[in-house]
Every structure is written in C-alpha cells, then in structure tokens.
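J.:
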Amino acid sequence: MVWIPQIPDLVDRLGDAELADALRDPAEATVPVALDDPEAGRISGVVVLEAWLAVQDTWRAEHGADIEEVAVTLGERRAVGEWVVRLEGAGGKRIGLPVAAAVDLASTLPVRIHHSRLPLLGRHVVRRPMVPPDPLARPSDVVGAYKAALAAGDTAAVVAVFGPDGSFRGPADDTSRHTGTKELTELYDTFFSTGGGIPLKLCTVTEDGTRSAFEYICDRWGDADLPPQPGLAVCARGGDGLIASARVYDDVEAPVE
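Numbering (full-length UniProt numbering), first residue to last: 1 to 257.
1. What did DSSP end up calling F192 once you bin it into helix, strand or coil?
2. Exposed or buried, what is S193 when buried is set at 16 or more other beta-carbons lying within 10 Å of its beta-carbon?
3. Taking just the CA atoms, how far does R77 sit from P132?
4. Which residue's Cα is closest to the Cα of I217: R169, G91 and A151?
5. Please classify D240 as buried or exposed, where buried requires at least 16 neighbouring CB atoms within 10 angstroms.
6. Less than 8 Å between the beta carbons of P228 and P129, yes or no?
7. What span of residues does the beta strand (DSSP E) with Q229 cover, start to end?
8. Taking the alpha-carbon positions, what's the P110 to L35 distance?
9. Can you name the start and end residues of the beta strand (DSSP E) that G163 belongs to?
10. Could you tell me the boundaries of the beta strand (DSSP E) in which A101 lies?
11. Provide the residue span of the beta strand (DSSP E) that contains E88, from first to last.
12. Have a look at L242 and D165 and give me their C-alpha separation to the nearest angstrom.
13. If we count Cβ pairs, one from each stretch, closer than 8 Å, do we get three or more for the region 115-124 versus the region 81-99?
14. Alpha helix (DSSP H) containing G64: first to last residue?
15. Between which two residues does the alpha helix (DSSP H) holding I7 run?
16. By the DSSP assignment, the alpha helix (DSSP H) with E18 in it spans what residues?
17. Figure out for me which residue from V70, V31, E28 and E18 has the closest Cα to the Cα of I4.
18. Using the Cα positions of R169 and V84, report the straight-line distance between them to the nearest angstrom.
19. What's the call for P135, buried or exposed, on a 16-neighbour Cβ count within 10 Å?
20. May I ask which residues mark the beginning and end of the beta strand (DSSP E) holding V248?
21. At what residues does the alpha helix (DSSP H) containing A213 begin and finish?
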C-alpha cells in the first residue's frame, strides 16, 4: 500500500522516458504500464492506475509519510530502489517502514513493490509470487556464498561472509538491525533453530559491483513448508569485499520463536 513517487525516476535512469511519464501521469500514457503492490496486487490500465495513485497521495498525507532514499542498485535493464518511509503505523506509532521496488524493463510487470504489511496491520499477509524462479539467477562471490549458507542452515558460514561490523536489517522496521558477529550469530541460530535452512528460489539478480539485489520466492523455512511468497533482499559489500549490510523486504512469517 506504499507508492514511492521516486520510482519513475528509476525508470528514467534505465532510459525509458515513456514508461516513466506513464507512471507519473497515467492519463497521458503512450505505453502500457503495470505494477504490483503488496495490498492491491496487480494494477494495470490507465483508469485503475490513475485512481490508485490518487488514493496513494491521500494515504501518504494522512499518515504523515516522509520518504528517505537508502540506495539504488542499477543494472542494464533492471534497477532496484530502496527507501525508508517514516509514517504512522499500527496503533498510531511512528515507524520507519522499509520499502523496495524492482523496476524491470524486460518484464510484462515492470514495477514490483516489496514491503512487509506487519507494521501497518499488526499481522503478516501472504502474497502470491510475481515472477517465476529462474535457475540461471545467481548472485556473485560472497552474496552467492551467503545464499548457499542460508539454504544449508549453516550459521558459521553465514556469519563468515559478513564483515566485522556487518549488519542484517529485517523487513518490519528500519530499527530491526543486528550488527557484528555476536548479534548475527544469535540471529541466524534463531533462524535455523527448527532444523535446516532457508532455501530461497531466486527469480532475478541485479548487481552494480557494490550491491547485489535479488528477488526470490520463499516456500520453505527449516522443516516447515510455507505458502510460496515473494521477497527481495539487497546485500551491500564493504571495502574488504565482505557483506557490510543485508536488507530484506518481504512479509514471510518465520516459523521460529
């Protein structure tokens, strides 16, 4: 339910001015446009998109939303933007909601928005996958090692790919950070406490030399089968080549305490 007005700027950076203009003003669109939002699902067509964007403008104003850019991972035909939206969440508490968007010019669904609805509703919501798994989607170097260690449920191997001050930030709140070897070890021990790992099925990988952003489907966690649901993660490398920060955008309810 969170539209980021800066998303058309990502489209501009990929060189598609017509799509960017259509997202800014659907009434003047000269090309088809479609996007997928965690609450509304797939949105397409001039009338529907125009009405939805108007609702979004009102919603941001009512919730006092301020948008801060975190990072942009720019590939040749795909870009991933990350933001923190500071707004009133469930119960009127002010929160920092992490939001990401994949802008994919090669897809029939060129804008895919990812964020948790837990801070907004007080509960998780299962969302259908937006793009299928791609067996050729493989992140490079330490990020590939991180994905493999995550699938294996190997805490030591996961922590080894993070720098000494590396951090993990979950999807529910910008303050949900775990930093350094001790906190990361405790976090991943909890993640793997039911036995087994988290074998994500990768759908897309976007890299710029510093960051690797990957969309995925999560349908298993440890020994628990889950409804297939999408997510997006971004791993940023530090100067030592290890992961300096990992940031996750999904609404998966972990089957752990």
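We treat Cβ as the ideally placed atom computed from N, Cα and C, and that holds for glycine.
T.: Reading from the atomic positions:
1. Numbered from 1 along the sequence shown, position 192 holds the residue referred to as residue 192. If DSSP states are grouped into helix, strand and coil, F192 belongs with coil.
2. Here residue 193 corresponds to residue number 193 of the sequence shown, with the count starting at 1. Flag for S193 reads exposed.
3. The residue you call residue 132 lines up with position 132 of the sequence shown. The residue you call residue 77 lines up with position 77 of the sequence shown. If I take the Cα positions, the gap works out to 18 Å.
4. The count along the sequence shown starts at 1 and reaches residue 217 at position 217. Checked all of R169, G91 and A151; the closest Cα to I217 is A151.
5. Taking the first residue of the sequence shown as position 1, residue 240 is located at position 240. Label assigned to D240: exposed.
6. Here the question's residue 228 lines up with position 228 in the sequence shown. Here the question's residue 129 lines up with position 129 in the sequence shown. Taking C-beta atoms as the reference points, P228 and P129 count as a pair closer than 8 Å.
7. Within the sequence shown, numbered from 1, the residue matching residue 229 stands at position 229. Q229: member of the beta strand (DSSP E) spanning A224 to R237, first to last residue.
8. Here residue 110 refers to the residue found at position 110 of the sequence shown. Here residue 35 refers to the residue found at position 35 of the sequence shown. The alpha-carbon atoms of P110 and L35 are separated by roughly 6 Å.
9. Taking the sequence shown and counting its residues from 1, one reaches residue 163 at position 163. Its beta strand (DSSP E) spans residues F162 to R169.
10. Taking the sequence shown and counting its residues from 1, the one referred to as residue 101 is at position 101. Unbroken beta strand (DSSP E) run through A101: R94 to D104.
11. As a working mapping, residue 88 is identified with position 88 in the sequence shown. First-last of the beta strand (DSSP E) with E88: R78 to E88.
12. Residue mapping note: residue 242 aligns to position 242 of the sequence shown, counting from 1. Residue mapping note: residue 165 aligns to position 165 of the sequence shown, counting from 1. The straight-line gap from Cα to Cα measures roughly 10 Å.
13. yes
14. Translated into positions along the sequence shown, residue 64 becomes position 64. It is not in any alpha helix (DSSP H) - G64 carries neither H nor E in the DSSP assignment.
15. Looking up residue 7 in the sequence shown gives position 7. That run of the alpha helix (DSSP H) goes I7 to R13.
16. The residue you call residue 18 lines up with position 18 of the sequence shown. Going by DSSP, E18 is part of the alpha helix (DSSP H) stretching over A17 to R24.
17. Position 4 of the sequence shown, counted from the first residue, corresponds to residue 4. The shortest C-alpha separation from I4 is found at V70.
18. The residue labelled residue 169 in the question sits at position 169 within the sequence shown. The residue labelled residue 84 in the question sits at position 84 within the sequence shown. Their backbone Cα atoms lie some 12 Å apart in a straight line.
19. Against the sequence shown, residue 135 aligns to sequence position 135. By the neighbour-count rule (16 or more Cβ atoms within 10 Å), P135 is not buried but exposed.
20. One-based indexing of the sequence shown puts residue 248 at position 248. Run containing V248: I243 to D250, per the beta strand (DSSP E) assignment.
21. As a working note, residue 213 is residue 213 in the sequence shown. Annotation for A213: no alpha helix (DSSP H) segment contains it, though the beta strand (DSSP E) segment containing it runs R211 to W221.
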